[in-house]
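Numbering (this note's numbering), first residue to last: 4 to 328.
All residues carry an ideal CB built from backbone N, CA and C; glycine is no exception.
Computed from a predicted structure; not experimentally measured.
Following: one structure in structure tokens, then a few remarks.
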């Protein structure tokens with residue numbers, strides 16, 4: 004690392020929507036920035052800007068990396084509706100398992116199928132949450148019938164389609180807006196994993212929870228392509244060696260552990276946590292089937308075999324969950 008390439012300190016700015024106290028910032032991005040600083044002996048400085056400190060909206064983040072407004076972003080592909088259709092397979096209901104298995108499966112799926120989808124940036128790591136659950140203010144959801152007419156926040160276009168198929172009224176918004184929307188009655192509930200409850204204090208404005216285990220939320224840390232390709236080879240190697248599949252597995256484990264903490268907040272407050280029985284689960288699957296079929300048809304129209312890609316995503320999740328990959 005003592006080459007002339009490190010004659011001057013290089014600064015890489017990473018932008019994200021999440022709060023400084025979130026695990027994305029405090030337990031992932033900041034420690035990773037420190038690791039890069041140590042490995043480069045202080046010659047590379049990764050600066051993390053949480054809570055949209057550099058301006059724009061969460062939906063702007065991917066474009067900021069693509070256009071070189073910042074060097075890298077950590078964001079949800081789902082914040083760019085229709086931009087990442089293959090990634091959407093992990094947002095479909097009943098595809099994901101725990102966060103660790105799904106993060107590894109998402110990474111493998113990207114390497115196998117999604118290269119073109121992110122060709123205008125340089126992805127460093129993909130990972131995912133555990134499947135989403137329903138969290139409501141005043142309306143306990145025992146099954147499909149209880150969802151009819153409820154206004155429910157969705158994180159992505161796919162999540163919105165699933166809620167609509169269930170008879171709910173989907174309302175799209177990024178995570179930082181959910182607390183106020185729930186508190187003011189703009190929405191009756193939110194579809195999101197337990198891990199989101201802590202950083203955004205959503206246990207304060209919800210009272211009922213239903214574990215439906217629907218689609219997960221994919222994340223990506225990606226760099227401006229020209230910025231990455233303009234770095235010396237040894238810096239590229241350092242960035243690659245600290246990200247990729249090994250980091251995806253670690254982040255998946257971290258997010259899965261945080262599920263327990265998020266769920267624990269509801270338990271501490273005495274909130275009821277419901278679990279639909281077998282017959283209700285079957286009704287949910289039946290209602291969601293058209294959403295899955297439409298995704299398959301969309302991917303077919305792109306020239307892929309949508310059903311084969313769906314089955315491959317499920318296979319990868321199952322294999323990583325069983326430790327077979």
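Counting only the Cα atoms, residue 271 lies some 25 Å from residue 220. Taking C-alpha positions only, residue 295 is separated from residue 283 by approximately 18 Å. Of the residues assessed, residue 41 falls on the exposed side of the cut-off, its CB having fewer than 16 other CB atoms within 10 angstroms. In the DSSP annotation of this structure, the continuous segment of the beta strand (DSSP E) that includes residue 136 starts and ends at 136-139. In this model, residue 285 and residue 136 are separated by some 16 Å (Cα to Cα). In this chain, residue 113 is not harboured by any beta strand (DSSP E); it is covered by the alpha helix (DSSP H) spanning 102-116.
Collapsing the DSSP output to three states places residue 198 in a helix. When C-beta atoms of the stretch 138-156 are compared with those of the stretch 223-240, fewer than three pairs fall below 8 Å, so the two segments do not count as touching.
Pairwise C-beta distances place the stretch 62-76 in contact with the stretch 226-233, as three or more of them are shorter than 8 Å. Judged by DSSP in its simplified three-state form, residue 245 adopts coil rather than helix or strand. Bridge partners of residue 16 according to DSSP: 50. In this structure, 302 is the residue among 321, 197, 212, 302 with its C-alpha nearest to the C-alpha of residue 116. The shortest C-alpha to C-alpha distance from residue 269 to any of 293, 174, 214, 279 is the one to 214. Comparing alpha carbon positions, the residue from 121, 182, 319 closest to residue 193 is 182. Here the alpha carbon of residue 128 sits roughly 16 Å from the alpha carbon of residue 238. Setting aside the 5 residues that flank it on each side, residue 174 is surrounded in the same chain by 154, 156, 190, each with a C-beta closer than 6 Å to its C-beta; the list follows chain order.
Sorting 159, 241, 107, 275 by C-alpha distance to the C-alpha of residue 211 places 275 at the top.
Per the C-alpha coordinates, the member of 325, 326, 317 positioned closest to residue 109 is 317. Listed in chain order, the non-local C-beta contacts of residue 106 below 8 Å within the same chain comprise 129, 130, 131, 251, 252, 254, 255, 258, local neighbours out to five positions each way being set aside. A Cβ-Cβ distance of about 4 Å is found for the pair residue 160 and residue 84, placing them in contact under the 8 Å criterion.
Rounded to the nearest whole angstrom, the CA to CA distance from residue 55 to residue 281 is 42 Å.
Residue 199 and residue 310 have their C-alpha atoms spaced approximately 31 Å apart.
For the 8 Å CB-CB criterion, residue 49 and residue 92 do not form a contact. Inclusion of residue 202 and residue 22 in the CB contact set at 8 Å is warranted, their separation being smaller than that value. In summary, residue 58 is exposed, with fewer than 16 beta-carbon neighbours lying within 10 Å of its beta-carbon over all protein chains present. The alpha carbon of residue 305 has as its nearest neighbour, out of 204, 88, 29, 32, the alpha carbon of 88. With fewer than 16 other CB atoms across the displayed protein chains lying within 10 angstroms of its CB, residue 243 is exposed.
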